[in-house]
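Asker: The sequence shown begins at 161 in my numbering and counts up by one.
Dropping a structure here in structure tokens format, bear with me for questions.
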Amino acid sequence: MSARRPFALFERGMYLDGQRAVALVLPATLSGTLDEPRLRLALERVQARHAVLQSLVEHDADGRPWFVQQDAPPPIALRIVDRQGDDDWQEQARLECERLFDGRREPLIRMIWLRGAGRSDLLLSCHHCICDGLSAVNLLRDILTVCGRPDARLGPRFELQGGADVVPPEALRNRWLQRRARLKAALFGAFIRTRRIGAPVSYGAAYTQRWSIEPAAVQALVRRAKDAEVGVFAALCTAFMLACWSVRGVRGVEKFVAPVDARRYLPALQGGALFTMAPTVRLTFGGRKSRDADFWVLARALHEDMRRQIDRLGPAVHEQLLGLERLHPLFDQLLAWSRSKRSGGGVSLSYLGRLDDSSRDEGGVRLEAIHAPSALLEPTPASLITIVGFAERLDLALISDESSLPSAQAAQIRQLAMELLQAASALPAPAAAGLSAPVPVESV
Numbered sequence: 161m162s163a164r165r166p167f168a169l170f171e172r173g174m175y176l177d178g179q180r181a182v183a184l185v186l187p188a189t190l191s192g193t194l195d196e197p198r199l200r201l202a203l204e205r206v207q208a209r210h211a212v213l214q215s216l217v218e219h220d221a222d223g224r225p226w227f228v229q230q231d232a233p234p235p236i237a238l239r240i241v242d243r244q245g246d247d248d249w250q251e252q253a254r255l256e257c258e259r260l261f262d263g264r265r266e267p268l269i270r271m272i273w274l275r276g277a278g279r280s281d282l283l284l285s286c287h288h289c290i291c292d293g294l295s296a297v298n299l300l301r302d303i304l305t306v307c308g309r310p311d312a313r314l315g316p317r318f319e320l321q322g323g324a325d326v327v328p329p330e331a332l333r334n335r336w337l338q339r340r341a342r343l344k345a346a347l348f349g350a351f352i353r354t355r356r357i358g359a360p361v362s363y364g365a366a367y368t369q370r371w372s373i374e375p376a377a378v379q380a381l382v383r384r385a386k387d388a389e390v391g392v393f394a395a396l397c398t399a400f401m402l403a404c405w406s407v408r409g410v411r412g413v414e415k416f417v418a419p420v421d422a423r424r425y426l427p428a429l430q431g432g433a434l435f436t437m438a439p440t441v442r443l444t445f446g447g448r449k450s451r452d453a454d455f456w457v458l459a460r461a462l463h464e465d466m467r468r469q470i471d472r473l474g475p476a477v478h479e480q481l482l483g484l485e486r487l488h489p490l491f492d493q494l495l496a497w498s499r500s501k502r503s504g505g506g507v508s509l510s511y512l513g514r515l516d517d518s519s520r521d522e523g524g525v526r527l528e529a530i531h532a533p534s535a536l537l538e539p540t541p542a543s544l545i546t547i548v549g550f551a552e553r554l555d556l557a558l559i560s561d562e563s564s565l566p567s568a569q570a571a572q573i574r575q576l577a578m579e580l581l582q583a584a585s586a587l588p589a590p591a592a593a594g595l596s597a598p599v600p601v602e603s604v
């Protein structure tokens, strides 16, 4: 008998009954000759590893979607397009962000292969209801590994697990945590019931701006960050926060946040599971005033404050997973309220870290670049900055809409942030007071 489970609330909030484009697209550029049978085998192997990729979506009598694992699932779709130039992937990424998935008939990921003579691009398109940025990276890594070594072992298989199913046993035994989860869900439910729901808010056209930081500049930044005992991500966040305030004003940005990889608090998901809920930490300078402050002093304050928040985040993640499941009866009302409430005032910075290049040369194919993922969320991407490192280079994308952040202002923020990083990298970092490890923060 096939396994089945209902969507968790956060998955429903991303799936939206399949009627909205909620996609994450991770592009990669390769040189060499990619073998089509091996690529199809790689997709088959990846699908066999994850039960959710063997599942189709069905709805119950109450309209709640379920993942239903198939005995003979349809394969992951592979669309092959002739590659005309080096920038073709950008247009294909835009198109994929706008394409719907039909979860009733196909898995919720697909692959686009821009096939050229000696050079190709792969775009992994994932529905955001099953994949965050790290999920997409893990999938792409597995696909490239099998393309090079068809007999490679990919790691553990993952069955269908819902949100509450992955909460650690010690958290399930914690009665105080359970009571808090119930209380918070009840209070939030009462709050939603009293909200006046207006018409859905409209936003401007979505756009994506892309650029890279070349190896020499990255190396200089890494050296200065190491001298200051600050993570590279903290330095990047500091530059973007200062640039946003300079262009938009201090009141022009509601808040800055960074998604955190929830798997660090959920052992059942470690080892490569697909997951989409990403708790966030608020990015601040720990009470320090940004005016006239030294760049590296601010970066260190942000780094330490972010680390403290991440260290305390585990119980909140467990509470959220348990409490959210009590809100399914209010889903339609919650969705209508969120659509009638203007979003887009904040900025989210998502860093996938520096990807290892263990799969860089596989079977005559060389991985040349992994580009920052692009995403289209509903109703607005709300000023998302994605960052990924590969082969001593940083690739960045700024995704927003013309209503939340006009593209002209986005270009100013981008330029000013890069100037701040360049200036900070060229100046000696002040003496640090104590060792601090880099903070593992993720994802789209």
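Built from N, CA and C at the ideal position, the CB exists for glycine as well.
Note that this is a predicted model, so its numbers are computed, not measured.
#1: Measuring only the C-alpha atoms, how far is residue 504 from residue 310?
#2: Taking the alpha-carbon of residue 426 as reference, which of 405, 330, 461, 359 has the nearest alpha-carbon?
#3: Determine the extent of the alpha helix (DSSP H) in which residue 550 is found, giving its start and end residues.
#4: Would you be able to state if there are at least three C-beta pairs under 8 Å between the region 258-268 and the region 463-481?
#5: Measuring only the C-alpha atoms, how far is residue 467 from residue 390?
#6: Classify residue 437 as helix, strand or coil using the three-state DSSP reduction.
#7: Is the separation between the beta-carbon of residue 272 and that of residue 280 shorter than 8 Å?
#8: Give the secondary structure of residue 164 by DSSP, where H, G and I count as helix, E and B as strand, and everything else as coil.
#9: Tell me whether the beta-carbon of residue 534 lies closer than 8 Å to the beta-carbon of residue 305.
#10: Suppose contacts are defined by Cβ-Cβ distances below 8 Å. Is residue 559 in contact with residue 544 by that definition?
#11: Considering only the beta carbon of each residue, do residue 236 and residue 270 sit closer than 8 Å?
#12: I'd like to know whether the C-beta atoms of residue 525 and residue 291 end up nearer to each other than 8 Å.
#13: Please state whether DSSP places residue 238 in a helix, a strand or coil.
#14: Applying the 10 Å Cβ sphere with the 16-neighbour rule, what's the burial state of residue 601?
#15: Taking residue 225 as the reference, which of 502, 551, 492, 537 has the closest Cα?
#16: According to the Cβ coordinates, are residue 323 and residue 170 closer than 8 Å?
#17: Look at the Cβ atom of residue 229, then the Cβ atom of residue 164, and state whether they are nearer than 8 Å.
#18: What beta strand (DSSP E) runs, 3 residues minimum, are completely inside the region 239-322?
#19: Does the Cβ-Cβ distance between residue 582 and residue 407 come in under 8 Å?
#20: Check whether the Cβ atoms of residue 556 and residue 571 lie closer than 8 Å to each other.
#21: For residue 340, which of 484, 210, 205 has the nearest alpha-carbon?
Answerer: This is what the structure gives:
#1: 44 Å
#2: 330
#3: Taken as a continuous stretch (DSSP letters only), residue 550 belongs to no alpha helix (DSSP H), being part of the beta strand (DSSP E) at 544-550.
#4: no
#5: 11 Å
#6: coil
#7: no
#8: strand
#9: no
#10: yes
#11: yes
#12: no
#13: strand
#14: Unreliable positioning characterises residue 601 in this predicted model, as indicated by a pLDDT of 40, which lies under 50. The coordinate reading is nonetheless provided below. That one is buried.
#15: 492
#16: yes
#17: yes
#18: 269-275, 279-287
#19: no
#20: no
#21: 484
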